[in-house]
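Novice: Numbering (this note's numbering), first residue to last: 11 to 298. Glycine is no exception: its CB is placed at the ideal position from the N, C-alpha and C atoms.
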């Protein structure tokens, strides 16, 4: 591959960090994932207050929305439009879930769609097993790097490139807010427990939704609609629908397929926080 010219988007994104910084960030991602799982045991030693419960529920759904609406439907698939300010807000919400930055996440997801359930799919349970698709691929060094060719449309924004390198900051800020509002109970339940729940709810889409559920459409992969994953993820579990028409802002194609992320985006479209929501063409709704 030819080297990108200095000053280009690809050159800026590819420009290597110092070795020590790169080592710390790569191990921070994996270390924080493991540390948060270990830290769940702290929930046995702190009181469960109503404030802590409220923080846990609120932080869970706020970040599930950040991943589903922001990282997935916006940055990965551009299924709606928004302002540069709210684009950054969505990016920060996604970062607070401790799943790396929006450029890395969206680039890996676009790569997944290009090679869904094929050998180059980074998290296919069909090719690599359920464990790999759920957790293993996140911990593997194979998936550390960001390919700017997968995400040139958003890599051109300097603030997103900066956030990509400082993706841990929104999570740290959220943890601090939980500590300030609810003390140690607040940070354990509002941040630690809810983060681990967000991890596994998100990963269920990669793993379970390619193994268990109903296939309404004959897609080229093994994607499935799974109602209980959809409930846990505010609509992301209607995965066969999504792979049938990935550009849609709505993933629950039928009225009974609950898609809370879509409902929130529709509400946000009323005051024009978001606009140009891409709906499913009628011809695509017919079951194949």
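Pull up the distance between the alpha-carbon of residue 290 and that of residue 193, whole angstroms please.
Specialist: Taking the straight line joining both Cα atoms gives about 45 Å.
Novice: Residues in the same chain with beta-carbon distance under 7 Å from residue 129, minus the five sequence neighbours each way, listed in chain order, please.
Specialist: These residues qualify, in order along the chain: 137.
Novice: Where do the N-terminal and C-terminal ends of the alpha helix (DSSP H) with residue 191 fall, by residue?
Specialist: Counting along the chain, the alpha helix (DSSP H) containing residue 191 begins and ends at 179 to 195.
Novice: Helix, strand or coil, according to DSSP, for residue 292 in the structure here?
Specialist: Note: residue 292 maps to helix in three-state DSSP.
Novice: Say whether the segment 90 to 97 touches the segment 211 to 222, bearing in mind that this needs 3 or more beta-carbon pairs closer than 8 Å, one atom from each stretch.
Specialist: No contact exists between the segment 90 to 97 and the segment 211 to 222.
Novice: Alpha helix (DSSP H) containing residue 123: first to last residue?
Specialist: 112 to 124 is the span of the alpha helix (DSSP H), which, as asked, contains residue 123.
Novice: Taking contact to mean at least 3 C-beta pairs separated by less than 8 Å, is the segment 246 to 264 in contact with the segment 74 to 91?
Specialist: Touching, per the Cβ criterion.
Novice: Taking the CB atoms as reference points, tell me whether residue 161 and residue 117 lie closer together than 8 Å.
Specialist: Result yes, Cβ atoms of residue 161 and residue 117 sit closer than 8 Å.
Novice: What residues are listed by DSSP as bridge partners for residue 92?
Specialist: Paired residue(s): 284.
Novice: Among 215, 245, 242, which residue has its Cα nearest to the Cα of residue 233?
Specialist: Of the candidates 215, 245, 242, the one whose C-alpha sits nearest the C-alpha of residue 233 is 215.
Novice: In the DSSP assignment, what residue or residues form a beta bridge with residue 235?
Specialist: For residue 235, which the question treats as bridged, DSSP gives the partners 224, 248.
Novice: In angstroms, rounded to a whole number, what distance separates the CA positions of residue 64 and residue 189?
Specialist: Near 13 Å, if we compare the C-alpha coordinates of residue 189 and residue 64.
Novice: Shortest alpha-carbon distance to residue 211 belongs to which of 60, 246, 226, 229?
Specialist: Checking every option, the nearest Cα to that of residue 211 belongs to 246.
Novice: In whole angstroms, what is the alpha-carbon distance linking residue 107 and residue 82?
Specialist: Roughly 13 Å separates the two Cα atoms.
Novice: With three or more beta-carbon pairs closer than 8 Å as the criterion, would you say the segment 263 to 277 touches the segment 72 to 80?
Specialist: The answer is yes - the segment 72 to 80 touches the segment 263 to 277, with three or more Cβ pairs under 8 Å.
Novice: Measuring only the C-alpha atoms, how far is residue 111 from residue 207?
Specialist: Near 19 Å, if we compare the C-alpha coordinates of residue 207 and residue 111.
Novice: In whole angstroms, give me the CA-to-CA distance for residue 205 and residue 46.
Specialist: Straight-line Cα distance between these residues: approximately 8 Å.
Novice: Less than 8 Å separating the beta-carbons of residue 62 and residue 196?
Specialist: Cβ distance < 8 Å, so residue 62 and residue 196 count as in contact.
Novice: Taking only the alpha-carbon atoms, compute the straight-line gap between residue 133 and residue 53 and give it to the nearest angstrom.
Specialist: Cα-Cα distance, rounded: 31 Å.
Novice: Take the Cβ of residue 143 as the centre, count every other Cβ of all protein chains shown within 10 Å, and call the residue buried at 16 or more, exposed below.
Specialist: Answer is buried; the Cβ neighbour count reaches 16.
Novice: How would you call residue 263, buried or exposed, if buried means at least 16 neighbouring beta carbons within 10 angstroms?
Specialist: By the neighbour-count rule (16 or more Cβ atoms within 10 Å), residue 263 is buried.
Novice: At a Cβ threshold of 8 Å, is residue 117 touching chain B?
Specialist: Among the protein chains of the structure shown there is no chain B, as only one such chain exists.
Novice: So residue 78 is in the alpha helix (DSSP H); what residue range does that whole segment cover?
Specialist: No alpha helix (DSSP H) contains residue 78, which DSSP labels as neither H nor E.
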